[in-house]
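Trainee:
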Amino acid sequence: MLSDSDLVTKWSSDQVAETDTGVLDAQPASPLTEPRPLLCVRDLWRTYRRGSEEIHALAGVGLDLRPGEIVSIVGRSGSGKTTMLNQVGCLDRPSSGSILVDGTDVTRLREKDLVAFRRDHIGFIFQLFYLIPTLTVEENIRLPLVFARRQDDERVDELIERVGLTKERRSLPKQLDGGAMQRVAIARALINRPRILLADEPTGRLEKKSRAAVLDIFRELATDGLAILMATHDLEQAGEADRIIEFSDGKVVRETQNRRK
Ligand SMILES: Nc1ncnc2c1ncn2[C@@H]1O[C@H](COP(=O)(O)OP(=O)(O)OP(=O)(O)O)[C@@H](O)[C@H]1O
Ligand SMILES: [Mg+2]
Numbered sequence: 008m009l010s011d012s013d014l015v016t017k018w019s020s021d022q023v024a025e026t027d028t029g030v031l032d033a034q035p036a037s038p039l040t041e042p043r044p045l046l047c048v049r050d051l052w053r054t055y056r057r058g059s060e061e062i063h064a065l066a067g068v069g070l071d072l073r074p075g076e077i078v079s080i081v082g083r084s085g086s087g088k089t090t091m092l093n094q095v096g097c098l099d100r101p102s103s104g105s106i107l108v109d110g111t112d113v114t115r116l117r118e119k120d121l122v123a124f125r126r127d128h129i130g131f132i133f134q135l136f137y138l139i140p141t142l143t144v145e146e147n148i149r150l151p152l153v154f155a156r157r158q159d160d161e162r163v164d165e166l167i168e169r170v171g172l173t174k175e176r177r178s179l180p181k182q183l184d185g186g187a188m189q190r191v192a193i194a195r196a197l198i199n200r201p202r203i204l205l206a207d208e209p210t211g212r213l214e215k216k217s218r219a220a221v222l223d224i225f226r227e228l229a230t231d232g233l234a235i236l237m238a239t240h241d242l243e244q245a246g247e248a249d250r251i252i253e254f255s256d257g258k259v260v261r262e263t264q265n266r267r268k
């Protein structure tokens, strides 16, 4: 498992059908009615070894995610949610299977190319926000641009406004509540204009009002075409998604389409 500092280093240096049957998984979406998926995961396996024991954290998962879609992954602790997000987010390598992000199979990228790919195509937020305590809100948000040797003041301003942190721009993380910290993390994840946002228990540490604020931001971002894949234990939050995918023992066991959309 990646440590907190590994995760910070990783992002700093720079989520269907019931697929256990494999039937619907093989059918392409209708090109007339649905936009092309941004993410296509096929027959994904991640096997860990613990002594002589093999643990199939993912056991043949398939999943699609389209622009503008919010998809929740739910399931018991240990069902493979985080493992799934880590494969898509290129923080870990699968044992087998394919992960197409915007047409590129990331499982085939070399480490060197993976860093740049992750930086430009995937935003990732976590339950613990992983902000740099000595940097201001604005500096935290700008950091991935600095690593990418880019300048994009307009994007910084736009995101600060969008996540509602204009007044807190020069504050340090310790001066913020958890909800605001997660909003900083969302802005930072999106600064390089990725089209996919991965979120692992993004509201797990937040109180109700902050949870709702994060979900409102997700909905707004999705309206603009961002695809969001989030793992959550919070069924109320999961219900806000367009689709809910339930994992059990590393497999997709159920998929529910939310009628709201
Ligand atoms: N690095 C690792 N080494 C060995 N086993 C691992 C590793 N990472 C995950 N696992 C195992 O893989 C399975 C899936 O774990 P994962 O963290 O993906 O579950 P999860 O659904 O995110 O759980 P939670 O709801 O508690 O966050 C578990 O059995 C876990 O113990
Ligand atoms: Mg998890």
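Every position in the sequence shown, counted from 1, becomes a number in the numbering used here once 7 is added. For each residue, glycine too, the CB sits at the ideal point set by N, CA and C. Bear in mind the structure is a predicted one, so any value in this text is a computation, not a measurement.
Are there 16 or more other CB atoms within 10 angstroms of the CB of Gln264, so buried, or fewer, so exposed?
Mentor: The residue you call residue 264 lines up with position 257 of the sequence shown. That one is exposed.
Trainee: For Pro44, which of Arg53, Ala66 and Leu70 has the nearest alpha-carbon?
Mentor: By one-based count along the sequence shown, residue 44 stands at place 37. Among Arg53, Ala66 and Leu70, the Cα nearest to that of Pro44 belongs to Leu70.
Trainee: Report the three-state DSSP secondary structure of Ala24 (helix, strand or coil).
Mentor: Working through the sequence shown from its first residue, we reach residue 24 at position 17. Residue placement at Ala24 cannot be trusted, given a pLDDT of 32 that sits under 50; the coordinates are not used to answer.
Trainee: Give a yes or no on whether the C-beta atoms belonging to His63 and Gly211 are separated by under 8 Å.
Mentor: Looking up residue 63 in the sequence shown gives position 56. Looking up residue 211 in the sequence shown gives position 204. The answer is no: Cβ separation not under 8 Å.
Trainee: In angstroms, rounded to a whole number, what distance separates the CA positions of Arg73 and Leu138?
Mentor: Your numbering for residue 73 matches position 66 in the sequence shown. Your numbering for residue 138 matches position 131 in the sequence shown. Cα to Cα, the separation comes out at about 29 Å.
Trainee: What would DSSP say about Gly96, mapped onto helix, strand or coil?
Mentor: As a first step, residue 96 must be located in the sequence shown, where it is residue number 89. DSSP places Gly96 in coil when its eight states are reduced to three.
Trainee: Flag this pair as touching only if the segment 218-231 and the segment 169-189 have three or more C-beta atom pairs under 8 Å; answer yes or no.
Mentor: yes
Trainee: If I follow the unbroken beta strand (DSSP E) through Val108, where does it start and stop?
Mentor: In the sequence shown, counting from the first residue as 1, residue 108 sits at position 101. Ser103 to Val108 is the span of the beta strand (DSSP E), which, as asked, contains Val108.
Trainee: Any heavy atom of ligand 1 closer than 7 Å to the CB of Ile62?
Mentor: Here residue 62 refers to the residue found at position 55 when the sequence shown is read from its first residue. Because some heavy atom of ligand 1 lies under 7 Å away, the Cβ of Ile62 counts as near it: yes.
Trainee: Please classify Gln34 as buried or exposed, where buried requires at least 16 neighbouring CB atoms within 10 angstroms.
Mentor: Taking the sequence shown and counting its residues from 1, the one referred to as residue 34 is at position 27. Confidence is the limiting factor: at Gln34 the pLDDT is only 42, short of 50, which leaves the residue's position unreliable, though a coordinate-based value still follows. With fewer than 16 Cβ atoms within 10 Å of its Cβ, Gln34 is classed as exposed.
Trainee: Could you tell me the distance, in whole angstroms, from the CA atom of Arg125 to the CA atom of Ala248?
Mentor: For the purposes of this step, residue 125 is taken as the residue at position 118 of the sequence shown. For the purposes of this step, residue 248 is taken as the residue at position 241 of the sequence shown. Between the alpha carbons of Arg125 and Ala248 lies a distance of about 24 Å.
Trainee: Considering only heavy atoms of ligand 1, does any lie closer than 7 Å to the CB of Arg57?
Mentor: Taking the sequence shown and counting its residues from 1, one reaches residue 57 at position 50. Here the distance from the Cβ of Arg57 to the nearest heavy atom of ligand 1 is below 7 Å.
Trainee: Taking the alpha-carbon positions, what's the Leu65 to Thr90 distance?
Mentor: To locate residue 65, count along the sequence shown from 1; it is residue 58. To locate residue 90, count along the sequence shown from 1; it is residue 83. The alpha-carbon atoms of Leu65 and Thr90 are separated by roughly 7 Å.
Trainee: Just the residues with CB closer than 5 Å to a heavy atom of ligand 2, in chain order, which are they?
Mentor: Lys88 and Thr89
Trainee: With Ile148 as the anchor, note down where its alpha helix (DSSP H) starts and where it stops.
Mentor: Looking up residue 148 in the sequence shown gives position 141. Taken as a continuous stretch (DSSP letters only), the alpha helix (DSSP H) holding Ile148 covers Val144 to Phe154.
Trainee: Determine the contact status of Asn147 and Val191, defining contact as a CB-CB distance below 8 Å.
Mentor: On the sequence shown, residue 147 is found 140 positions in, with the first residue counted as 1. On the sequence shown, residue 191 is found 184 positions in, with the first residue counted as 1. Contact check for Asn147 against Val191 passes: the beta carbons are separated by less than 8 Å.
Trainee: DSSP has Leu236 in a bridge; who is on the other side?
Mentor: One-based indexing of the sequence shown puts residue 236 at position 229. Beta-bridge annotation (DSSP): Leu236 is paired with Val78 and Leu205.
Trainee: Near Lys119, which residues of its chain fall below 8 Å by C-beta distance, leaving aside the five closest residues on each side in sequence?
Mentor: Taking the first residue of the sequence shown as 1, we reach residue 119 at position 112. Within the same chain, Lys119 has no close Cβ partners at all.
Trainee: Shorter than 7 Å, the distance from the beta carbon of Ser84 to the closest heavy atom of ligand 1, or not?
Mentor: Here residue 84 refers to the residue found at position 77 when the sequence shown is read from its first residue. Yes, ligand 1 has a heavy atom inside 7 Å of this Cβ.
Trainee: Per DSSP, what kind of secondary structure is Leu31 in: helix, strand or coil?
Mentor: Against the sequence shown, residue 31 aligns to sequence position 24. Note that Leu31 has pLDDT 37, beneath the 50 cutoff, so the model's placement of it is unreliable and the number below is only indicative. Here Leu31 sits in helix by DSSP.
Trainee: Taking C-beta to C-beta, are Leu51 and Val68 nearer than 8 Å?
Mentor: Residue numbering aside, residue 51 sits at position 44 when the sequence shown is read from its first letter. Residue numbering aside, residue 68 sits at position 61 when the sequence shown is read from its first letter. Cβ distance < 8 Å, so Leu51 and Val68 count as in contact.
Trainee: Would you check whether ligand 1 has a heavy atom nearer than 7 Å to the C-beta of Ala238?
Mentor: Locating residue 238 in the sequence shown gives position 231, counting from the first residue. Ala238: yes, Cβ under 7 Å from ligand 1.
Trainee: Taking DSSP's pairing of strands, which residues face Arg53 in a bridge?
Mentor: Position 46 of the sequence shown, counted from the start, is the residue given in the question as residue 53. The partner list for Arg53 (beta bridge, DSSP) reads Leu65.
Trainee: With 16 as the cutoff for other CB atoms within 10 Å, does Thr28 come out buried or exposed?
Mentor: Residue 28 sits at position 21 when you count from the first residue of the sequence shown. A caution first: Thr28 carries a pLDDT of 34, below 50, which makes its placement in the model unreliable, though a value can still be read off. That one is exposed.
Trainee: Give me whichever residues DSSP pairs with Ser255 in a beta bridge.
Mentor: Position 248 of the sequence shown, counted from the first residue, corresponds to residue 255. Lys258, per the DSSP bridge assignment.
Trainee: Measuring straight from C-alpha to C-alpha, what distance separates Ile167 and Glu145?
Mentor: Numbered from 1 along the sequence shown, position 160 holds the residue referred to as residue 167. Numbered from 1 along the sequence shown, position 138 holds the residue referred to as residue 145. Ile167 and Glu145: Cα-Cα distance of roughly 8 Å.
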